[in-house]
Amino acid sequence: MSGPVDFNDDLHGIIHMEEYERDLVASPWFQRLRRIHQLGLANMVFPGAEHTRFAHSLGVFHLASTLGPRLQDAKCIDATELRELRAAALLHDIGHFPFSHGLESVYKAESKKADSTQAARAPLQSGDTAELKEDKEAVEPKFHESLGKQVIEQTTSEGGIARILLDNNLQPGRVGSIVVGQHENLLLNQVLHSDLDVDQLDYLLRDAKATGSTYGLYDVDYLLESLEVARVKDNPVLCVHVRALHTLEHYVLARYFYYVCILYQKTRCVIEALLQEIARRLIVMGHLPSWECIRAGFHEPWFCWFDDIAVTEAIRRVARELPLDDDLRSAIEMLLNRDRRRLPKVEHEEHRTDSDPGEPPSATVVGDGNPVVRAALCSMSTPEFTVLERRLRDTGTAGEAEVLDVLTSDPEPIRVFRSEPYFVPAGTPRVPATGGDGREGDVLLLESLTNSLVGLGKLAGQKTCIVRRYQL
Amino acid sequence: MGNREKAVYLVLKALGVGVDRLRGFDGRRMLQKAIYLLQDGPHRWDFGFHYNLYLRGPYSPSLADTGYQLLENFAAEEPKLAALSLKDECIWDIGRIRAAFESRQGELDPDLLEVAATIRFLCGHTYSYLPAEADRVEHARDWIRKNKPLIADHLETALSKLKELEIAV
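Set out below in structure tokens:
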């Protein structure tokens, strides 16, 4: 076979690939993504949420492949970096755990216990180290990305990702560095790792469509078309043309709806917590691989079968063949039988923001009931999210201000996402910039625009916290 | 004031940098790079801040937020800060960083700190796929010459400071 090969995606249409990219897709490590649901067990709440990480990865690849040549035309990336970007976009989720984020947090906690001998040291004389770490979870690279980087770099056997990349003159380490946002070309990090990256551009739409959340559908083609590269103080920055201002705002709102309506949907949260509690127990019992096994064996063939089916079958086998205590058996049946009527109900829910007075109450559980289910709910943390990070810090004094996140401008397109800070004179919100084709323009913050919903509604930088009380 | 702000205050104090220096760009830059070298250095002190590669080298948005919160709350909370202290070994490490990066005027050199921290990040993360140290260092040199031309003349000094502090590249 020779020449580009196509996929037909329900969201983006025909997706073209080169032959070696098709080889990457054919790799057992990538084929595994066919058997990992994008939204974990959300299909218990949204019956249409059956789409997989496989389809999402193809979608992200398509978006990156659409944007990449424009970056090359703007002379911000070279031909090799374009190939690296395409490969990274395709492989960005290759390290995902079964049920996506459902089991990721379980294995992340396991990895911290396993690494305790080499753990970083607490610097304070006294006090709780955990308190110093309280914000780290929010900004640390996702665990699956770190594992994905290792899969990309170390699967050198026949059909392995690293092997295919090397055979096609691509350096796995450079591809892996884009996946975790640490590539030497910062623009590539922006494309895959920022507030407006190709990953979010795909999954926000894909998840909205699959779940029936039509208010999450925005014009991705127009937004992508409106992304340009401008130079501010000779530094290339990815920007959105001002003509797409309202499409950009729609994207920001879609992200808000995604969090509250899908990701943090109350029943979905309970189901995921139950899965995590059962998985924790099965790992201890030896019926699911431990983190040590995964760390030692992700490059071996068995990892290619570590998917949703394997975990579900492990849970079923335990319930079928082992003498379990009644509470664990009941919890497993609740999960396997997908009986929503038996699940704990939310007795009280409130959404709080930074401006609400007092500390938010933590999620609580009331009533007597299954202790396994109680343990699952108690281990849930209060969902928190920020729709758009606010990163402008104007000192208000003489000197330089740090501008980390700049969105849109008038008349020229400027947007810089959180991976791209640069500096402008204090008190000067508008910064002259040169557009990709030499046009002059300005740099502005989306939140500072008076005709922006984000600016008027103060949506940037506002952390929303969802607090729930469950009745067992 | 949370423990994170208190820890940042204690680091600033050990570095000989006043909290009000955080109002200026150089002060924030020194804090960013110093804490990075403490976290990614041989003793891996965990202040809980995640860094990634930005134009000015390794940067933590979370640390920037903490710095601004410290600025806002410092005046009211200063008396309570005496209750906490850093471990002796951590103070000693900070002292070594201070000594290594102090200029003749007795203040920390923010440009030298930035170059050193950037070299460490590039070698430890971006170019970690290169097995030979010499290759990693050469790539880091090229990156700094290209992206930080105005302070690239600090390269060799920064490399020697990292060696002095036993921070691997």
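Protein sequence lines correspond, in order, to chains A and B. Residue 1 is where the first sequence starts when you use this note's numbering, and the numbers rise one by one after that. Residue 1001 is where the second sequence starts when you use this note's numbering, and the numbers rise one by one after that. For each residue, glycine too, the CB sits at the ideal point set by N, CA and C.
| Query | Result |
| --- | --- |
| Going along the segment 1083 to 1095 of chain B in order, which residues come within less than 7 angstroms of chain A, judged by CB to CB distance? | Leu-1084, Ser-1085, Leu-1086, Lys-1087 and Cys-1090 |
| Confirm the yes/no value for this check: CB of Val-242 of chain A, any heavy atom of the ligand NAD, distance under 8 angstroms. | With respect to the ligand NAD, the structure shown offers nothing to examine, as it has no ligands at all. |
| Okay, do the segment 1111 to 1131 of chain B and the segment 1077 to 1094 of chain B touch, 3+ Cβ pairs below 8 angstroms being the bar? | no |
| Applying the 10 Å Cβ sphere with the 16-neighbour rule, what's the burial state of Ala-138 of chain A? | In this predicted model, Ala-138 of chain A has a pLDDT of only 42, less than 50, meaning its place in the structure is not dependable; the value taken from the coordinates is given anyway. Exposed: under 16 other Cβ atoms inside 10 Å. |
| Cα-Cα, which of A:Val-220, A:Ser-213 and A:Tyr-215 is closest to Asp-199 of chain A? | A:Val-220 |
| For a cutoff of 9 angstroms on Cβ pairs, would you count Asp-135 of chain A as touching chain B? | A caution first: Asp-135 of chain A carries a pLDDT of 47, below 50, which makes its placement in the model unreliable, though a value can still be read off. Closer than 9 angstroms to some Cβ of chain B, the Cβ of Asp-135 of chain A qualifies, so yes. |
| If you draw a straight line from the alpha carbon of Ser-381 of chain A to that of Arg-1098 of chain B, how long is it in whole angstroms? | 39 angstroms |
| Drop a sphere of 10 angstroms on the beta-carbon of Thr-211 of chain A, count the other beta-carbons inside from all chains shown, and report buried for 16 or more, exposed for fewer. | buried |
| To which residues of the same chain is His-62 of chain A closer than 6 angstroms at the C-beta, ignoring the five residues directly before and after it? | His-12 and Ile-15 |
| What residues in the segment 154 to 185 of chain A have a beta carbon less than 9 angstroms from any beta carbon of chain B? | Gln-171, Pro-172, Gly-173, Arg-174, Gly-176, Ser-177, Val-180, Gly-181, Gln-182, His-183 and Glu-184 |
| On the criterion of 16 or more Cβ atoms from any shown chain inside 10 Å, does Glu-247 of chain A qualify as buried, or is it exposed? | Note that residue 247 of chain A corresponds to Thr in the displayed sequence, not to Glu. By the 10 Å Cβ count, Thr-247 of chain A comes out buried. |
| Here's a check: name, in chain order, each residue in its chain whose Cβ is nearer than 8 angstroms to the Cβ of Arg-329 of chain A, leaving out the five neighbours to either side. | Ala-319 |
| Per the DSSP calculation, Lys-463 of chain A is bridged to which residue(s)? | A:Thr-386 |
| Measuring alpha carbon to alpha carbon, tell me which residue in A:Asn-8, A:Gln-31 and A:Ile-77 is nearest Trp-302 of chain A. | A:Gln-31 |
| DSSP puts Arg-352 of chain A in a beta bridge; with which residues? | A:Cys-465 |
| For the pair the segment 146 to 156 of chain A and the segment 16 to 25 of chain A, tell me if three or more CB-CB distances fall below 8 angstroms. | no |
| Under 8 angstroms Cβ-Cβ, which residues of chain B neighbour Gln-514 of chain A? | The question about residue 514 of chain A has no answer, for chain A in this structure spans 1 to 472. |
| For Gly-1095 of chain B, collect the residues of the same chain with a Cβ closer than 8 angstroms to its Cβ; drop the 5 residues on either side in sequence, then sort them by chain order. | Ala-1014 |
| Determine the chain B residues that contact Ala-122 of chain A at a beta-carbon separation under 7 angstroms, and present them in chain order. | Asp-1046 |
| Take Lys-1161 of chain B and list the residues in its own chain whose beta-carbon comes closer than 6 angstroms to its own, dropping the five residues that flank it on each side. | Ala-1100 and Ala-1116 |
| Alpha carbon to alpha carbon, how far is Asp-10 of chain A from Leu-1053 of chain B? Give it in angstroms, no decimals. | 35 angstroms |
| For His-1139 of chain B, which residues of its own chain have a beta-carbon under 6 angstroms away from its beta-carbon, when the five flanking residues on both sides are left out? | Tyr-1127 |
| In whole angstroms, what separates the C-alpha of Pro-421 of chain A from that of Val-180 of chain A? | At Pro-421 of chain A, the pLDDT of 31 sits below 50, so the modelled position is not reliable; the number obtained from the coordinates is stated separately. Cα-Cα distance, rounded: 18 angstroms. |
| I'd like to confirm the pairing. Which residues does DSSP put opposite Cys-239 of chain A in its beta bridges? | A:Glu-228 |
| Per DSSP, what are the beta-bridge partners of Gly-13 of chain A in this structure? | A:Asp-9 |
| Please work out which residues of its chain come closer than 7 angstroms, Cβ to Cβ, to Gly-40 of chain A, disregarding the five sequence neighbours upstream and downstream, and give them in chain order. | Phe-99, Ser-100, His-101, Gly-102 and Glu-272 |
| Short of 8 angstroms in beta carbon distance, which residues of its chain neighbour Lys-508 of chain A, apart from the five on each side in sequence? Order them along the chain. | Because chain A here runs from 1 to 472, residue 508 of chain A falls outside it and cannot be looked at. |
| To the nearest angstrom, how far is it from the Cα of Tyr-473 of chain A to the Cα of Thr-156 of chain A? | Chain A is shown from 1 up to 472; residue 473 of chain A falls before or after that span and cannot be answered. |
| Give every residue of the same chain whose Cβ lies closer than 6 angstroms to the Cβ of Ile-466 of chain A, excluding the five residues on either side of it in the sequence, and list them in chain order. | Tyr-264, His-351 and Pro-383 |
| Would Asn-43 of chain A pass as an interface residue toward chain B - the criterion being a Cβ-Cβ separation below 9 angstroms? | no |
| In or out: Val-424 of chain A buried (at least 16 other Cβ within 10 Å) or exposed? | Legend: pLDDT at Val-424 of chain A = 29, less than 50; position of this residue unreliable, value from coordinates given subsequently. By the 10 Å Cβ count, Val-424 of chain A comes out buried. |
| For Asn-1073 of chain B, return the contacting residues in chain A, with the cut-off set at a CB-CB distance below 7 angstroms. | Near Asn-1073 of chain B there are no residues of chain A at all, since even the closest Cβ is about 15 angstroms away, more than 7 angstroms. |
| Taking the alpha carbon of Cys-76 of chain A as the point to measure from, which residue in A:Asn-189, A:Cys-261 and A:Asp-326 has its own alpha carbon closest? | A:Asn-189 |
| Under three-state DSSP, which class holds Thr-155 of chain A? | coil |
| Assign Asp-368 of chain A to buried or exposed, taking buried as 16 or more other Cβ atoms, counted over all protein chains shown, within 10 Å of its Cβ. | exposed |
| How would you list, in chain order, the residues of chain A whose beta-carbon sits under 8 angstroms from the beta-carbon of Thr-1118 of chain B? | In chain order: nothing, as chain A lies at least about 11 angstroms away. |
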